[in-house]
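Report on the structure given below.
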Amino acid sequence: MSEDTFPGWHGTTIIGVKKDGKVVVAGDGQVSLGQTVIKGTARKVRRLSPGGHDVVCGFAGSTADAFTLLERLEKKLEAAPGQLARASVELAKDWRTDKYLQKLEAMLIVTDGSELLIITGAGDVLEPEHGIAAIGSGGNFALAAARGLMETELSAEEVARKSMSIAADICVYTNGNLTVEAIPA
Numbered sequence: 042m043s044e045d046t047f048p049g050w051h052g053t054t055i056i057g058v059k060k061d062g063k064v065v066v067a068g069d070g071q072v073s074l075g076q077t078v079i080k081g082t083a084r085k086v087r088r089l090s091p092g093g094h095d096v097v098c099g100f101a102g103s104t105a106d107a108f109t110l111l112e113r114l115e116k117k118l119e120a121a122p123g124q125l126a127r128a129s130v131e132l133a134k135d136w137r138t139d140k141y142l143q144k145l146e147a148m149l150i151v152t153d154g155s156e157l158l159i160i161t162g163a164g165d166v167l168e169p170e171h172g173i174a175a176i177g178s179g180g181n182f183a184l185a186a187a188r189g190l191m192e193t194e195l196s197a198e199e200v201a202r203k204s205m206s207i208a209a210d211i212c213v214y215t216n217g218n219l220t221v222e223a224i225p226a
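This note's numbering puts the first residue of the sequence shown at 42, with every later residue one more than the last.
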């Protein structure tokens, strides 16, 4: 399915910012169906604690698909405690090769405070440059804003919040109702 026909792309913005020993993942609360806002207070950023290791995840795309992926990631993390990159690669391999999982339409930003990764259904596990990861319909707007704000004295959380505010002003599929989770690096 192409990005043009994938309705999940029009419904969220998630950003991860790693700065000064802290990683913050922020997501807006808007859920849209076509041109209609269905809900403005959805929670698309979650904290997982498999095996006592905190991991923060944000998702864009189909909610049901994202929850399926979060459950799978949690199992991978339980099998490889404290090894986010390994668990993410294992999830991406399964996602790429399993016929059921291939149909899932979502993307994830995950962090354990040390690593900040984007996981895609194309089998990619990406560690973005500049300590910023962004996905979703307003992701590029938030990414551009964060890149500019990283050179300021703002904290990781302030960069994430301001970037999301800028994205919400530009992208009609993004609102300013944020869920923010922080984790120390």
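For each residue, glycine too, the CB sits at the ideal point set by N, CA and C.
**Q.** Expected contact under 8 Å - CB spacing of Leu125 and Val151 to nearest Å
**A.** 6 Å
Q: Ignore the nearest five residues each way along the sequence and tell me which others in Gly180's own chain have a CB closer than 8 Å to its CB.
A: Thr54, Ile55, Ile56, Ala101 and Ala208
Q. Can you tell me where the beta strand (DSSP E) with Leu89 in it begins and where it stops?
A. Val86 to Leu89
Q: For Ala107, name the three-state secondary structure that DSSP assigns.
A: helix
Q.
Please state whether the Cβ-Cβ distance between Pro225 and Val64 is less than 9 Å.
A. When the beta-carbon positions are compared, Pro225 and Val64 come within less than 9 Å of each other.
Q) So, using beta-carbon positions, are Gly162 and Glu146 closer together than 9 Å? A) yes
**Q.** Assigned exposure category for Lys59 - 16 Cβ within 10 Å defines buried
**A.** buried
(Q) Measuring straight from C-alpha to C-alpha, what distance separates Ile211 and Thr104? (A) 23 Å
Q: Jot down the residue ranges of each uninterrupted beta strand (DSSP E) in the stretch 109-168, minimum 3 residues, whole runs only, in chain order.
A: 147-152 and 157-160
Q. In three-state DSSP terms, what is Glu222?
A. Residue state for Glu222 is assigned as strand, using DSSP reduced to three classes.
Q. By Cβ distance, which residues of its chain are closer than 8 Å to Gln143, with the 5 residues on each side in sequence left out?
A. For Gln143, where only same-chain residues beyond five positions count, the Cβ hits under 8 Å are Trp136, Arg137 and Gly162.
Q: Would you decide whether Leu74 is buried or exposed? Buried here means 16 or more other CB atoms lie within 10 Å of its CB.
A: exposed
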